[in-house]
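Here is the structure we will look at, set down as structure tokens.
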Amino acid sequence: MLEKTFEPQAAEPRLYAQWEESGLFAPRAAKPTDGAADAYSIVIPPPNVTGSLHIGHALNNTLQDILARYHRMKGKAVLWLPGTDHAGIATQMVVERQLAAAGNIGRRDMGRDAFVEKVWEWKAESGGTIVRQLRRLGSSCDWSRERFTLDEGLNAAVRKVFVKLHQDGLIYRDKRLVNWDPHFQTAISDLEVEQREQDGHYWHFAYPLADGVTYEHPIAFDEDGKATEFETRGFIVVATTRPETMLGDTGVAVHPEDERYKGLVGKAVILPITGRRIPIVADDYADPTKGSGAVKITPAHDFNDFGVGKRAGLAALNVMDAFARITNDDVPEIPADLVGLDRFAARKAIVARAEEENWLREIEKTKHVVPHGDRSGVVIEPWLTDQWYVDAHTLAQPALKAVEDGATVFEPKSYEKIYFEWLRNIEPWCISRQLWWGHRIPAWYGPNGEIYVAETEEDAREQAMSDYDSEVVLTQDEDVLDTWFSSALWPFSTMGWPEKTEDLERFYPTSDLVTAADIIFFWVARMMMMGLHFMDGEVPFKRVIINGLVRDEKGQKMSKSKGNVIDPLGIIDELGADPLRFTMAILSGTRDIKLSKQRIEGYRNFGTKLWNAARFSQMNEAKRVEDFDPATVEQTINRWIRGELTKAERQVSEAIEGGRFDDAAGALYRFVWNVFCDWYLELAKPVFNGADEAAKAETRAMTAWTLDQTLKLLHPVMPFITEELWAELGKEGPTRDGLLMAAEWPVLPDAFIDATAEAEIGWLVDLVGEIRALRAEMNVPPSAKPPLAFVAPDVVTAERVARHRDLLLTLGRVSEIAVVEAAPAGAVTFVSGGTTAALSLAGIIDLTAERARLEKEIAVFESDIGHVNKKLGNPNFVSRAAPEVVDEQRAKLAEAEEGKVKLQAALARLDAMAGA
């Protein structure tokens, strides 16, 4: 007999160990009859080796595991390939902090080799945390194939790809702007930049026009915006939030159609402090409606300015070093008292000088977005430096075509827009990082600065011999590759490329990729580019399923500072993995998933409901029967549940195949809770307690069979509780053949759907539902059993009433059932299945008190409706309130309106009853 409750804390580790020891996580052996459709593969988005399981991981890996378990049960050879990312900057930061905390010398004093050795030591000791945590979630990855983006096999793949792309002219070295982190002393990707809104200032500076030039500047306008007054100016005003960058200004831009400045284009200004002469250029980037309409251009320290500088032929002058201190290497005119100052100290000094010299015209307070390093927390500096780049534009063209032609599809399809927009406007990809932990760039420098790109130093030396008569000292590039570079090779490098492996032959291209929208361009697009280039034009995956972002119950982003983070490991400790997984699945259909602990607790109750149903079945001797054939059942309820199960199987299968995990979970919930537990087992009770032994035996066997099929359908979403029930229920009846995880997915025939049984039981379910709803609406006490009458029913209905009389008395909680020609006095009437029925409530409810209650509750709804309508009718509220707040108010309005309609209908019935 089953225990009273399922104890996940004890069961989950035991069950996971059974799965792992069974070898079922690995793909099944190949069969001679296997074709491409018999394999299913998916690669895990590799979490950072430094990471711990967060709620986003829980969502993403739950969805992947549903797919893997489903296709495994469908008989396919399934490869779910796991691994972790070396996470260059994050891992280096963790180890540097540990060294500092232990009182050790810094990495630069330690030296590169010794520091990298320390990182490998840390990885061996602490790098497996997230992998262990993924096991706790129930992830059925093939751990025997686990990869690491810095393991030797992937390192070889990375070197080969770099060298080949360099040979193809698709990797090159260039001086361009990058996101520079002055703390970590490295370029970082856009994904590692956190945009923070903060208070700041616009400093308005007057740059004097060169050569005594003046112009007439409009200062007053009529109603039509036409200038009516002018003043003569010998300067042009620009505004900036970063005064320190003015030292590197090499131009001032104005819009070509701006009438104020048309006569100044081609003239020059004298840059304050340095005295440098810089041109005024025309460029569409300047916005005549913002500020003065004139923009200072600093190509070496602003991404937009870099573009203007390219178009206008302006010089790009660095005025900061790697620590974001002022340097005069490119601009000797910078005064000595500014050289060496931190950028923010220089800002204060420049503003003070502008005020003193009277070229500061205005200080305007503003709120603006400032880029910060997500790891370092310091302000990121756009900085001009030599880096390695990939010609992403060339690689992007086949990647665009593959999605346009449908070789790879996105689910939902709307995410293709993000993919297309980024690839169609793609910039060169900076792939070098000034770190020590990562794939060191396979490039060596000769004594005269020659660059030799090769997979090994030996190959580089061979190249160098063509330039030198004897062996020379070669120095390898100090930089490492962007972490995303090795991740871009993940689908094929993890399967053994560049070798021609059995895994590549059998499982590439992969079937699905499940990932988040925020890395479509950082990862998905780059995998597409690399896969198509190196795998003979084959896409790396056929479908990309984009999961949503998990937010708190109010729709706000989770953050530690807000205290609204839900820890998945804490949830698993308290409630088990299954409720968390089911919640992730059923909420996965939206871009923003509103999650609360209460919702997860609700789906724990779902598991409890299933467990109790299995216990009830055991208590009623529902055991599996050898060679039981559900096609032969005769009882109406058994033919009905067979059809309902068949429909549920169709819904669940189609939903999982289509990547609609919310629909799959919803179909499972409705079948298990509403159909099997609430109705079938209730309808089976009289049979279990009756004297018809044949009906009893059939219903017991059908109950056991239906439970088995239900466990199979539910297993991909809730693997632990279903596996436990499979084992426990298997102790009775025929011997089980292995684990549920390896069971065959049910595919039930259309013939199992019985229209006659569906109509009959559907009538009964609808009728009882109407009675229960009416009782609740009219506030009938639970203990009361009013009489039920059917008013002039047709022959079919009368026969159904007679057949199901006992069930109606029990389930409807009524005292008697009659067939009458007219509704009795004091009865409330309702229509069900085309027949009028009457529930006699006279003497059971107090009409006067009930009327007062309904009118009072209607008044409350009306008050709520008025209050919310007033809010939503206020344009200021709708425009200024957070979107989730507005949505919440709209939902509240809809709920109040629906409640009011229901109560008004109940009041109308009450009036009809009193009138009768």
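Per the numbering used here, the sequence shown runs over residues 2 to 917.
Using N, Cα and C, we set each Cβ at its ideal position, and we do this for glycine too.
Where residue 833 is concerned, the enclosing beta strand (DSSP E) starts and stops at 828–833. Secondary structure note for residue 778: its alpha helix (DSSP H) is the uninterrupted segment 756–778. Annotation for residue 569: the continuous alpha helix (DSSP H) segment containing it runs 569–576. Remark: three or more beta-carbon pairs, one from each stretch, lie closer than 8 Å, so the segment 890–901 and the segment 852–871 are flagged as touching. By the CB criterion at 8 Å, residue 43 and residue 562 fall outside the cutoff. Note that the segment 213–222 does not touch the segment 183–194; fewer than 3 beta-carbon pairs, one per stretch, sit closer than 8 Å.
Note that the segment 420–440 touches the segment 78–98; at least 3 beta-carbon pairs, one per stretch, sit closer than 8 Å.
Under the DSSP assignment, residue 388 falls in the beta strand (DSSP E) whose first and last residues are 382–391.
When the five nearest sequence neighbours on each side are left out, the beta carbons in the same chain lying within less than 6 Å of the beta carbon of residue 476 are those of 446, in order along the chain.
In the structure shown, residue 453 adopts extended strand secondary structure according to DSSP, grouped into three states. Taking 8 Å as the cut-off, the Cβ atoms of residue 789 and residue 813 count as close. Residue 780 and residue 818 have their C-alpha atoms some 21 Å from each other. Beyond the five residues adjoining it in sequence on each side, residue 516 comes within less than 6 Å, by CB distance, of 46 in the same chain, given in chain order.
Residue range 542–548 is occupied by the beta strand (DSSP E) that includes residue 548, with no alpha helix (DSSP H) assigned at that position. Separation of the CB atoms of residue 362 and residue 211 is rounded to 19 Å, and the pair is thereby denied contact status at 8 Å. Judged by DSSP secondary structure, residue 599 falls within the alpha helix (DSSP H) whose first and last residues are 598–620. Cβ neighbours of residue 370 within its own chain (closer than 6 Å, five residues either side excluded): 196 and 198. Considered as a whole, the segment 510–536 harbours 526–535 as its complete alpha helix (DSSP H) runs of no fewer than 4 residues, in chain order. Under DSSP, residue 141 takes part in no beta bridge, so it has no partner. Restricting attention to alpha helix (DSSP H) runs no shorter than 4 residues, the segment 641–694 encloses them at 662–670 and 682–689, ordered along the chain. In this chain, the beta strand (DSSP E) harbouring residue 228 covers 228–234. When beta bridges are read from the DSSP output, residue 79 appears opposite 41. Note on residue 112: under 16 other CB atoms within 10 angstroms of its CB, so exposed under the neighbour-count rule. For residue 195, the enclosing beta strand (DSSP E) stretches over residues 194–209. Closest in C-alpha terms to residue 375, from the list 203, 181 and 547, comes 181. Using a Cβ distance threshold of 8 Å, residue 234 and residue 409 do not count as a contacting pair.
The Cβ neighbour count for residue 291, taken over all protein chains shown within 10 Å, is under 16; the residue is labelled exposed. Per DSSP, the beta bridge partners of residue 841 are 828. With a beta-carbon spacing of about 7 Å, residue 332 and residue 249 fall inside the 8 Å limit used to define contacts. Residues 549, 550, 552 and 556 of the same chain have their beta carbon placed closer than 7 Å to that of residue 593, with the five preceding and five following residues left out of the count. Nearest to residue 289 by alpha-carbon distance, out of 301, 305, 701 and 263, is 263. Rounded to whole angstroms, the gap between the alpha carbons of residue 351 and residue 876 is 44 Å. Per the C-alpha coordinates, the member of 576, 341 and 586 positioned closest to residue 9 is 576. Counting other Cβ atoms within 10 Å of its Cβ, residue 647 reaches 16 or more and is therefore classed as buried. Look at residue 30 here: in three-state DSSP terms it is coil, with no helix or strand label. Contact check between the segment 569–589 and the segment 75–85: fewer than three CB pairs, one atom from each, fall below 8 Å, which does not count as touching.
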